[in-house]
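Q:
Number of protein chains: 2
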Amino acid sequence: MGIEHALHMTGSLEPRGAWTAERCTIAKALEVIPTRSAFLILREAFYGTTRFDDFAARVGISEPVTAARLRELVDNGLLHREDYREPGQRTRQRYRLTEKGAELLPALVALMHWGDRWLDDRGGPVELRHRGCGEPVGLELRCAAGHAVGSEELDLARRRPAS
Amino acid sequence: MGIEHALHMTGSLEPRGAWTAERCTIAKALEVIPTRSAFLILREAFYGTTRFDDFAARVGISEPVTAARLRELVDNGLLHREDYREPGQRTRQRYRLTEKGAELLPALVALMHWGDRWLDDRGGPVELRHRGCGEPVGLELRCAAGHAVGSEELDLARRRPAS
DNA sequence: GAGCTGACTTAGGGATGACATAGCCAGCAC
DNA sequence: GTGCTGGCTATGTCATCCCTAAGTCAGCTC
């Protein structure tokens with residue numbers, strides 16, 4: 000009731016009615032990863048899957064869809080396709096995350112944590128831990144000065160030009 | 000080349016071939032927010048939009064799609080639909096984020112930051128700032144003991160039962 | 001009571017995503 | 001050379017997503 004979850008707008012973003020979110024990079028990101036199957040193929044890549052058949056089987060999608068998604072993800076630079084051969088085997092292909100793809104980890108972690116919290120009665124099947132200390136890992140909003148920032152302390156503003 | 004971006008598996012998650020990601024909460028989250036339009040309606044809700052026509056206009060989707068998405072998001076408990084009336088006006092409906100919906104903020108922030116970094120030549124149109132100090136805000140992986148955790152220090156493990 | 005606005009719904013159609021089944025091709029194993 | 005496996009491609013069909021255009025309905029304003 001009394002809780003307002005919307006972000007606080009500042010500067011020329013106020014009032015909201017005066018602008019539309021063109022150049023929105025959430026929208027652009029969703030053009031690169033538009034489908035459920037694209038997200039889940041990336042999940043599998045983080046889980047270490049590299050081969051065509053394994054992607055299809057572990058995501059649970061058909062081979063034609065697997066081929067289409069892998070091609071799109073390679074074309075968009077999220078996965079790198081490379082040939083390799085093990086001794087006594089023919090050349091095969093394998094798909095691995097690029098740096099661009101690997102930097103989507105926070106987005107997948109955020110979705111996983113949200114699903115753990117709201118969509119699974121046991122808090123989710125797996126968790127991330129810090130190898131150093133074994134403690135579970137979460138995502139935090141933190142500003143460049145090092146303060147942990149709650150969502151009620153967030154301002155949305157037009158980006159300052161890079162110095 | 001030499002960089003391995005996949006997560007490190009521990010315990011019964013090793014080797015990867017022996018299990019499939021059933022009960023995956025990323026997949027479950029994508030059943031609740033399956034489409035681009037659902038993500039963008041949530042973005043608008045964070046931007047403070049509350050009314051049907053404004054959602055349609057600011058997301059850039061048609062009215063039938065807007066109606067379908069809003070209904071799904073309300074049914075799934077991400078938005079709350081409430082009647083309200085301003086003085087001298089008839090009763091209208093407005094849509095606001097529930098706590099469940101509001102907790103998707105990190106996922107949207109992660110997608111936005113990734114898009115800012117990789118898909119926009121000027122680093123994105125808007126940024127989040129800490130109201131206290133004005134510094135830009137980012138997402139960080141951090142463990143329960145308070146350590147900042149790099150992606151190369153992450154272990155994936157079966158969740159320990161809650162104590 | 002006629003018009004307008006906000007919030008939808010209905011109807012029809014194109015593009016995309018998904019499936020299952022089947023086929024193709026390269027290169028070992030035999 | 002025949003068969004088998006991995007990594008795809010081709011075909012056809014169905015479901016979903018989204019569009020435009022139009023219609024509905026309630027309750028103000030005039």
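Protein sequences appear in the order of chains A and B. Under numbering that gives the first Met the number 0, the first residue of the first sequence is numbered 0, with each subsequent residue one higher. Under numbering that gives the first Met the number 0, the first residue of the second sequence is numbered 0, with each subsequent residue one higher. Think of the CB as a built atom: it goes at the ideal place given N, C-alpha and C, for glycine as much as any other residue. All figures in this text were calculated on a predicted structure; none of them were measured in a lab.
#1: Report yes or no: do the region 109-126 of chain B and the region 115-122 of chain A share at least 3 C-beta pairs separated by less than 8 Å?
#2: With H, G and I counted as helix, E and B as strand and the rest as coil, what does DSSP make of residue 35 of chain B?
#3: Taking one C-beta from the region 70-79 of chain A and one from the region 31-44 of chain B each time, how about it: are there three or more such pairs within less than 8 Å?
#4: Find the nearest neighbour of residue 46 of chain A within the set B:6, B:106 and B:144, judged by alpha-carbon distance.
#5: Go through the region 38-71 of chain A residue by residue and report every complete run of the alpha helix (DSSP H) that reaches 4 residues or more, in order.
#6: Applying the 10 Å Cβ sphere with the 16-neighbour rule, what's the burial state of residue 0 of chain B?
#7: So what does residue 154 of chain B bridge to, in DSSP terms?
#8: In terms of residues, what are the limits of the alpha helix (DSSP H) holding residue 146 of chain A?
#9: Per DSSP, residue 102 of chain A forms a beta bridge with which residues?
#10: How many angstroms separate the CA atom of residue 49 of chain A from the CA atom of residue 150 of chain A?
#11: Counting only Cβ pairs nearer than 8 Å, list the residues of chain B close to residue 64 of chain A.
#12: Below 8 Å between beta carbons: does that hold for residue 105 of chain A and residue 138 of chain B?
#13: Assuming residue 143 of chain A contacts residue 3 of chain B (C-beta within less than 8 Å), just tell me the rounded distance between them.
#14: Is the separation between the beta-carbon of residue 20 of chain A and that of residue 42 of chain B shorter than 8 Å?
#15: Verify the CB distance criterion: does residue 140 of chain B have a CB-CB separation below 8 Å to chain A?
#16: Mind checking residue 132 of chain B: buried by the 16 CB within 10 Å criterion, or exposed?
#17: So residue 140 of chain A and residue 136 of chain B are in contact, right, with Cβ under 8 Å, and what is the actual spacing, rounded?
#18: Who are the Cβ neighbours of residue 156 of chain B in its own chain at under 6 Å, not counting the five residues just before and after it?
#19: Return the CA-CA distance between residue 94 of chain A and residue 99 of chain B, expressed in angstroms with no decimal places.
A: This is what the structure holds:
#1: With fewer than three CB-CB distances shorter than 8 Å, the region 109-126 of chain B does not count as touching the region 115-122 of chain A.
#2: helix
#3: no
#4: B:6
#5: 51-58
#6: Note that residue 0 of chain B scores 43 on pLDDT, short of 50, meaning its location in the model is unreliable and no value can be drawn from it.
#7: A:128 and B:7
#8: Note, residue 146 of chain A: premise wrong, no alpha helix (DSSP H); not H, not E.
#9: None, per the DSSP bridge assignment.
#10: Those two C-alpha atoms are separated by around 37 Å.
#11: Result: empty, since nearest Cβ-Cβ is about 15 Å, beyond 8 Å.
#12: yes
#13: Not a contact, Cβ separation roughly 29 Å.
#14: yes
#15: yes
#16: exposed
#17: 5 Å
#18: 9 and 10
#19: Rounded to whole angstroms, residue 94 of chain A to residue 99 of chain B spans 35 Å at the Cα level.
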